[in-house]
Structure formats: structure tokens, C-alpha cells
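Just so you know, the protein sequences line up as chains A and B, in that order.
Residue numbering for the first sequence is 1 to 439, as defined by full-length UniProt numbering.
Residue numbering for the second sequence is 1 to 439, as defined by full-length UniProt numbering.
C-beta atoms are modelled at their ideal positions from N, C-alpha and C, and glycine is treated no differently.
What you are looking at is a predicted structure, and each value in this text was computed from that prediction instead of being measured.
There are 2 protein chains.
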Amino acid sequence: MADALKIGIAGLGTVGASLVRIVQERQEMLATTCGRAIEIVAVAARDRNRDRGVDLSKAAWYDNAVALASEADIDVFVELMGGAGGPAHASVKSALNRGIHVVTANKALLSAHGIELAGIAEERGALLNYEAAVAGGIPVIKALRESMTGNSISRVYGIMNGTCNYILTQMEKEGLSFEDCLKEAQRLGYAEADPAFDIEGNDTAHKLSILTSLAFGTAIAADDIYLEGITNISIEDIHAAADLGYRIKLLGVAQRTESGIEQRVHPTMVPYESVIAQVDGVTNAVAIESDILGELLMVGPGAGGNATASAVLGDIADIAKSRPGAQHVPAFGRPAAALLPYKRARMRSHEGGYFIRLKVLDRTGVFASIAAHMAENDISLESIMQHSKHYMDAAEPKTIILVTHATFEASVREAISSIKGEGYLVGEPQVIRIERPKP
Amino acid sequence: MADALKIGIAGLGTVGASLVRIVQERQEMLATTCGRAIEIVAVAARDRNRDRGVDLSKAAWYDNAVALASEADIDVFVELMGGAGGPAHASVKSALNRGIHVVTANKALLSAHGIELAGIAEERGALLNYEAAVAGGIPVIKALRESMTGNSISRVYGIMNGTCNYILTQMEKEGLSFEDCLKEAQRLGYAEADPAFDIEGNDTAHKLSILTSLAFGTAIAADDIYLEGITNISIEDIHAAADLGYRIKLLGVAQRTESGIEQRVHPTMVPYESVIAQVDGVTNAVAIESDILGELLMVGPGAGGNATASAVLGDIADIAKSRPGAQHVPAFGRPAAALLPYKRARMRSHEGGYFIRLKVLDRTGVFASIAAHMAENDISLESIMQHSKHYMDAAEPKTIILVTHATFEASVREAISSIKGEGYLVGEPQVIRIERPKP
Numbered sequence: 001m002a003d004a005l006k007i008g009i010a011g012l013g014t015v016g017a018s019l020v021r022i023v024q025e026r027q028e029m030l031a032t033t034c035g036r037a038i039e040i041v042a043v044a045a046r047d048r049n050r051d052r053g054v055d056l057s058k059a060a061w062y063d064n065a066v067a068l069a070s071e072a073d074i075d076v077f078v079e080l081m082g083g084a085g086g087p088a089h090a091s092v093k094s095a096l097n098r099g100i101h102v103v104t105a106n107k108a109l110l111s112a113h114g115i116e117l118a119g120i121a122e123e124r125g126a127l128l129n130y131e132a133a134v135a136g137g138i139p140v141i142k143a144l145r146e147s148m149t150g151n152s153i154s155r156v157y158g159i160m161n162g163t164c165n166y167i168l169t170q171m172e173k174e175g176l177s178f179e180d181c182l183k184e185a186q187r188l189g190y191a192e193a194d195p196a197f198d199i200e201g202n203d204t205a206h207k208l209s210i211l212t213s214l215a216f217g218t219a220i221a222a223d224d225i226y227l228e229g230i231t232n233i234s235i236e237d238i239h240a241a242a243d244l245g246y247r248i249k250l251l252g253v254a255q256r257t258e259s260g261i262e263q264r265v266h267p268t269m270v271p272y273e274s275v276i277a278q279v280d281g282v283t284n285a286v287a288i289e290s291d292i293l294g295e296l297l298m299v300g301p302g303a304g305g306n307a308t309a310s311a312v313l314g315d316i317a318d319i320a321k322s323r324p325g326a327q328h329v330p331a332f333g334r335p336a337a338a339l340l341p342y343k344r345a346r347m348r349s350h351e352g353g354y355f356i357r358l359k360v361l362d363r364t365g366v367f368a369s370i371a372a373h374m375a376e377n378d379i380s381l382e383s384i385m386q387h388s389k390h391y392m393d394a395a396e397p398k399t400i401i402l403v404t405h406a407t408f409e410a411s412v413r414e415a416i417s418s419i420k421g422e423g424y425l426v427g428e429p430q431v432i433r434i435e436r437p438k439p
Numbered sequence: 001m002a003d004a005l006k007i008g009i010a011g012l013g014t015v016g017a018s019l020v021r022i023v024q025e026r027q028e029m030l031a032t033t034c035g036r037a038i039e040i041v042a043v044a045a046r047d048r049n050r051d052r053g054v055d056l057s058k059a060a061w062y063d064n065a066v067a068l069a070s071e072a073d074i075d076v077f078v079e080l081m082g083g084a085g086g087p088a089h090a091s092v093k094s095a096l097n098r099g100i101h102v103v104t105a106n107k108a109l110l111s112a113h114g115i116e117l118a119g120i121a122e123e124r125g126a127l128l129n130y131e132a133a134v135a136g137g138i139p140v141i142k143a144l145r146e147s148m149t150g151n152s153i154s155r156v157y158g159i160m161n162g163t164c165n166y167i168l169t170q171m172e173k174e175g176l177s178f179e180d181c182l183k184e185a186q187r188l189g190y191a192e193a194d195p196a197f198d199i200e201g202n203d204t205a206h207k208l209s210i211l212t213s214l215a216f217g218t219a220i221a222a223d224d225i226y227l228e229g230i231t232n233i234s235i236e237d238i239h240a241a242a243d244l245g246y247r248i249k250l251l252g253v254a255q256r257t258e259s260g261i262e263q264r265v266h267p268t269m270v271p272y273e274s275v276i277a278q279v280d281g282v283t284n285a286v287a288i289e290s291d292i293l294g295e296l297l298m299v300g301p302g303a304g305g306n307a308t309a310s311a312v313l314g315d316i317a318d319i320a321k322s323r324p325g326a327q328h329v330p331a332f333g334r335p336a337a338a339l340l341p342y343k344r345a346r347m348r349s350h351e352g353g354y355f356i357r358l359k360v361l362d363r364t365g366v367f368a369s370i371a372a373h374m375a376e377n378d379i380s381l382e383s384i385m386q387h388s389k390h391y392m393d394a395a396e397p398k399t400i401i402l403v404t405h406a407t408f409e410a411s412v413r414e415a416i417s418s419i420k421g422e423g424y425l426v427g428e429p430q431v432i433r434i435e436r437p438k439p
């Protein structure tokens, strides 16, 4: 049997502690599968005295992750601290510069510095593995980077934030408001005390930026993602979606179009009978559409100490099974220098179906006016209907719901702007994009 | 850049021709991704003169696959002939004996000789990759063999035969009989002229035997699979399932139990709201339940020239990215010699819910008699109902449908045997097992 694979772990939070426990408890199983033992020889974390429920007596302790990465006698540096810059960035860079393989679960780091790090890894013959960074336990990085080699990808999309999917699922199931479901998610530990990063879509955007690079062979362009969170989704939207045969999910979507690559994160209506519509609660799902393989959908846990640790361990095992320096696996599918520039497709040119909910004053001719503004902008309607519990009360504003056939975002914006000018709108219109799986 | 990877392909049917076309058309893309070119240097097929729509002029032609495998100057032997024995077995063995990597899509071969071949591969330092052998384009082999390293698997199950899933989906959607849907499937090329191998469950069993070995680290035991096809499923069953909130799918299930490992292929009721219930038509799906990662479900194309060629190409690319002799990847997760003996859990000890449909003569006391026989066998009922279009016509036999809570197969068999003895049954009872995803 080959020499043991020596790993150093920086960050001993939930994922780090799970990883240590699993590696220690399953030594024999791992050695049999990998052809060599996996040994945790060094760890770095802030508080040495905290009880993490694992035995760290045999590992060298570092108070400083960068020191571990740059000095320890290790084969693999496992970064589980999080954060786009600071010690995570410095330590990963330092390890790669030494030619040491890196495994990380850090989406923010990769989204910000992924290509730089991939370049160093290639130059030094080190591997940079990050399965846990996107959709937790779902092996989507492996699918894109390995299984789908030779495929041309047309679209990648998915539910990549468990907090948002939990809230949307609960709103539908319990008929509760967004605020109530958010509170419940916080009580259960599914949402942070400051939930903005999740519910505004930033977390999904980080993950999407990584998938986009892998899928299309382009540089990471996280800042070019169109972003819309779920805070604006009301229980009326959920009910209207259900009536129309849809469910609302926060999707991250990256899509090849004629004008470039579209990257967008927004609440999305998906057909009720599609498989992804049935993905409930904190579960994640990622779909990949390609020209040879066809459509692949993967559903699984997107977060949690164990699921994330499992993905990290899979990455470590891949290194254990290889021999140092023996592989050519560019971190983002193509060598960093061969990645194409990212060409952004503007959101205005997005083409798809739209759900539009308008509150209007109950005046004669409103229906006709709305229909006319849609027609002026070449928007073909699938349906238009009035939807109100208080149909008989003329003083109440009425709700009008439109569903369009495929049309352009610019046309929808233009039509809504014209409708706003008519003076019969009450409050802001709600616009939700519709996404359909490949037929 | 490293030397080109030289491949030889035996079998130029739909998958082989797709593979040649893709490799030739995407040379540059593949070279960038793999760090070396992939070249088809030799091919073997029966008819040299058949037009396959691809240019084979640069490849050495062999009439005999074994000759190609044992003589050609190749790095990878790609076996796409099919068949458990004969030239497929002989040629793969011959290639591995020379230390040449093998990629195969041949489930029958692996089901019959997988462990023998894995042993030779390990001894000679060759890789044996077979992603395409199970569920076509779905990367389930990679997930089990690589991503889930260190996990203890409790259950693997899936829809692994597109023909059966197409027929069952059409029966439900169109309200047609099994026979009519089978004919339609044959007309569309989704079913063979002799469909027995698919509809009797043998194809699913081959695939399941491979997944079982990978999931549980045991020897392949294809002959120990409990087998029940879909020929017995009637439109009444489909309707009754829908009424009860289920869909019927042909599942292959491998499950760890206290008495051993259960392997079974049978029509199964899955809850309508589960993700797998929404997998329609020829699409496949595989779910893996494990203790660290949790539940992973993958949905994708299970067959077809392109999807299968994509999986084969992924396997070839993995070899291209590695360097010969540089990896330790036992074909079935553990080294062949370290695979555990397979201990069969008998079907009689299977525990789960059951759907039972009985046709009975309309006599007083029949309901009570059935309920009594269930109780005698400790079977707890979730529901019992009479189901008949001709409720008022006393001369017509009545249909009684029972759904049980979790119980043992032996108890169900015993109860049905007792009921048969009562003399009020008309025809054979229908028994369909219920399978639930992990909650």
C-alpha cells in the first residue's frame, strides 16, 4: 500500500468537525477504497480549547491557517474557513504555490479568485477540488468537469439555496407569509440571523458563477449576474402560480444565447409536473442541458455538516487515488489560460414566458388597455384573467394576472412602463419569469 | 502536451458510430480539456462495407474484436459489442491482460464477469470504466465509486429501463392497456421486437447487480435478484394507484437489511409527490441513500446512441487526464479481493407496504373474512375499500383494494394463501409493493 495521504484542515466548524470525525471513524474503509490511509496531520482554527467532540491530539495545531498551508508537511490542504479574501485566500494560494493539492468548500473564494487559483494549481501540478462549494452533496462539479467532457452545454439551472427553497415551500404548504416562514427558518437553523445573503440571491449567484465557468469554459463573472431575491414574493403569487400549474422556486440560471451568456438569479415559475418543481424544503437540485448527453438533473442535500463533509471527502479521495503530479485536471475544465472571456448577454434580451400580476382600479376599459399595451410590444398572451376575492366590491382594486408566451424582457419592461403611465395601477406590478425544462 | 491517447473501438452500432463522430468532430475541445488528443486508431466490427456516416479511413480495421484487443497498439480498448460472453468477454479480458485500459457499456458482461475482470485490471494496473453500463448518461457509477467514498449506503433504487417506464407512463396518460402501449413502444423504437428482456425485468436486474456491488462492496450476485416484470400490470392497477396517491414504476432496489442485502426488481408504487414519481417516459432515475451524504437522486437519459456515447467518452476522458499506471481506482470501489461475499436477504423477509387488489364474489362477510385473515397475520391495514363500476349489480364480482402499513412479505403471502382457501376469490390477486423515499 502507498504512503498515507497527509491532510491539513483549516477551519473546524460544523463541516470541519464532521470531516475529522468521519475520517477517523472510517480509517479502514477509506484505506481499502483509496489504496492508502488518509491521515489528518495538522489543523488550524481560532479557538484551541473549544470542545468539538473529536480527538485532535495527534494533529499539529496551528493558530494560523496561512502558517499551516505554508509550513506543514501535508499532501492536501483542506480549506473550510469561508470568506472570499483574508486567510482563506492567502492560505489556499500559499498551499498551491507549494504544489500542495487543495480541497475547498468555499464558493465565495472561488467566485472571487477561482481563475487565479486554478492558474497557480496548474502551474504547480496541484489539484484544486471544490465539489462542496456548489449544491453541497450533489456531485455537480464532477458531472460538469468529468462526466460531460466533450459535451456542449446549453443551459445549467438549479435550486442552489436551501433557505430560499425552504421558505417558498413553507409558504405554499402552510399558506403563510414570507416573513413568517423566514422566522420559522431562522428558528430551525435553516436561515441566518442576517438572512440577506441567502434571500437576496447572493449565495445562489456565487454558486452560479462557478457553474457558468465550468459549463461554458469561460472566465468567472460573478458581478455580471442579474440578481433578484425572494423577499418580494407574496402568498398571492404562490397561489396564482398554483392555479396556473406552476410552482415558484429561486433559480440560478446560466444559458448560452446568441448574444452571449445569460446569468440570472430570480424567483421563477416552473411547471408543476416538472421534476424540479417537486424539489421541496432545504433540498437542492441542479439541471444540466447538453447536446450529447441530453438533460441531467441531480437532486440532493445542498448544505449541512455531513453532506458537505461527504463532498469534501470525495474530493480528498480522488486525490488519494491519484498519485501526486500524475493528473491533468484543470480546475474549471479547461486550463486557466484557455478559458474564454465571458461575454454577457444583457437581461433586456432575455427571452421567455412571463407571469405578470397587476393591481388595478376597477375602471371600464382597463382590461382592453392592458391587452393593447401588450400587443403594441409584440407580446403574445397565453392567458389574461381577473383574480379577486372581492369581485363584487367595485371600490376594491382588482387583480389582473397575465401569462405571456415567449417574449423579450425589454418588451415586458416597455409594456409595463406604458401601463404605469395610464394611471390605473395600484402599487408595483409583480413580474415573475417562467422557466421550462427542455421538452 | 502529452502524447495522444490511442483508442480502439470494438462494435460500431449506434453507440460506436456516435462515439466516433463525436471524437472526430470535437478533437480540439477534447484535447484542451484532457491535456492530450484522443485518436481512434483501430476499430472492429462485423461488416466493413456498411456506411456508418463516419470516416474510418485512418483507423486500422479488424474483423475480429479479440485480435484488436490483443494486437493493436492502443491505450484504451472500448468495448461496445454487448453480450455477456463470447467476443466481448474474450476481448476485454485480452486487453486487460495486456494492461490496456478498458471502457465498456456492457451491463451483461459486467453482471456475469465483472469481478473477474476487475481482478485482472487491478493486477495489471489497468482501469476498467463502465459508466454507460448502468442508466446510460446518468453518472451513477462515478457517484458511487468516487463521490460517495467513505459513505455507508443503505439503499440504492431506480428506474433503469426506459422501455418499461415509457409503457407505464403511457398506460397512465392515455388510459391504454399494457399490450397497446407495448406495441406503440415497439413502433417508436423504444422496445425490441422481442421485448421480454426489458419487460420481464432482466435488463434492470443486470444493472442493479452492478450497483449493488458498488454500493455495498460485495461480489456481484445477479442470480440472487428477485424478479417480477410489468406484464401483469393492468390499467385498473394504474387507476387504483392514482386514486391512492401513487404511481407505478418498475424499480430495481438494493437494500441493506438485518439479514443481508435485498435485491429486487418489481413494479412498485411510489408516492405521487415524490420526485421519482415524476420521472416519465424513457427517462431513467437512480436514488442513493447513505449515512453521510444523505439522499442523492439523479435523473437523465438511460439509453440512446448519443447519451450512451457521452458516458463512454467521459470514461475515456478520465483515462486521458490520468497517466497510465498512475491511479488506484478499483472497478467496484474496493479491490476485487477485498469485496465481501454477498449475503442474500430472502424476499420472504422483505418489509414494506403492500397494495393488494382482489376480485371477489359478492357474498356477505367477504370484507370481514379478508380483514380477519390480515389480522391473523399481523398485517395492519392503512385502508380497505370496495372499488367497482358496477356496484349495484350483485352478479358482478367486486374489486376490493387493500393498502397495508409496513409488514413482511411472508405475512402477505400467508394471508393471501388463506384468503384463496375461502373460495370467494375470482382470478389471481394482484400484489404490488410500495416503496417510499427516505423521509
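Query, Result
"Reduced DSSP secondary structure (H/G/I, E/B, other) of P139 (chain B)", "coil"
"Proximity test, Cβ basis, 8 Å: A307 (chain B) and chain A", "yes"
"Backbone secondary structure at K6 (chain A) - three-state DSSP", "strand"
"Where the region 133–163 of chain A meets chain B: residues whose CB sits under 7 Å from a CB there", "G137, I138, P139, K142, A143, E146, S147, M148, T149, G150, N151"
"For Y166 (chain A), the first and last residue of its enclosing alpha helix (DSSP H)", "162–174"
"Cβ neighbour criterion (16 or more within 10 Å) applied to L188 (chain B)", "exposed"
"L182 (chain A), DSSP secondary structure in three states", "helix"
"Proximity test, Cβ basis, 8 Å: A317 (chain A) and chain B", "yes"
"Neighbour flag for Q278 (chain A) against chain C, beta carbons, 8 Å", "In summary, chain C is missing from the structure at hand, where the protein chains are A and B."
"Interface flag, C181 (chain A) vs chain B, CB-CB below 8 Å", "no"
"Segment limits, beta strand (DSSP E) that includes L127 (chain A)", "No beta strand (DSSP E) contains L127 (chain A), which DSSP labels as neither H nor E."
"Stretch-stretch touch, CB-based, cutoff 8 Å, three pairs: the region 133–153 of chain B with the region 191–201 of chain B", "no"
"Pairwise C-alpha distance: S322 (chain B) and R36 (chain B)", "10 Å"
"Own chain residues within Cβ distance below 8 Å of residue 442 (chain B), not counting five before or after", "Look at the range of chain B in this structure, 1 to 439, and you will see that residue 442 (chain B) is not part of it."
"Residue from A:E122, A:H373, A:D315, A:R264 whose Cα sits closest to the Cα of V329 (chain A)", "A:E122"
"Within-8 Å CB hit, P301 (chain A) to chain B", "yes"
"Within 8 Å, strictly: CB atoms of A90 (chain A) and L109 (chain A)", "no"
"Inter-residue spacing [alpha-carbon to alpha-carbon] between Y166 (chain A) and E236 (chain A)", "18 Å"
"Which residues DSSP lists as bridging T399 (chain A), in chain order", "A:K359"
"Beta carbon proximity, T218 (chain A) to chain B, threshold 8 Å", "no"
"For I230 (chain A), three-class secondary structure by DSSP", "coil"
"Where D378 (chain B) falls, given that 16 or more other Cβ within 10 Å makes a residue buried", "exposed"
"Paired residues, beta bridge with R155 (chain A) - DSSP", "A:Q255, A:E289"
"DSSP three-state assignment for P267 (chain B), whether helix, strand or coil", "strand"
"Collapsed DSSP secondary structure at R187 (chain A) in the structure displayed", "helix"
"Length of the line joining the Cα atoms of L297 (chain A) and V286 (chain A)", "6 Å"
"Members of the region 112–124 of chain A near chain B, C-beta cut-off 8 Å", "none"
"C-alpha distance - L182 (chain B) paired with I319 (chain B), whole-angstrom precision", "40 Å"
"With 16 other Cβ atoms within 10 Å as the buried cut-off, status of residue 444 (chain B)", "Outside the displayed range of chain B (1 to 439) lies residue 444 (chain B), so it cannot be described from this structure."
"CB contact below 8 Å: V265 (chain B) versus chain A", "no"
"Close beta carbons around T204 (chain B), own chain, < 7 Å, minus the five adjacent residues each side", "M160, N161, L250, G252, V265"
"Short CB-CB distance (under 8 Å) between M269 (chain B) and chain A", "no"
"C34 (chain B) versus F332 (chain B): straight-line alpha-carbon distance, rounded", "24 Å"
"Simplified DSSP assignment, three categories, for T33 (chain B)", "helix"
"Contact set between V329 (chain A) and chain B, taken where Cβ atoms lie within less than 7 Å", "K321"
"Reference G314 (chain A); option with closest CA among A:N284, A:H239, A:L30", "A:L30"
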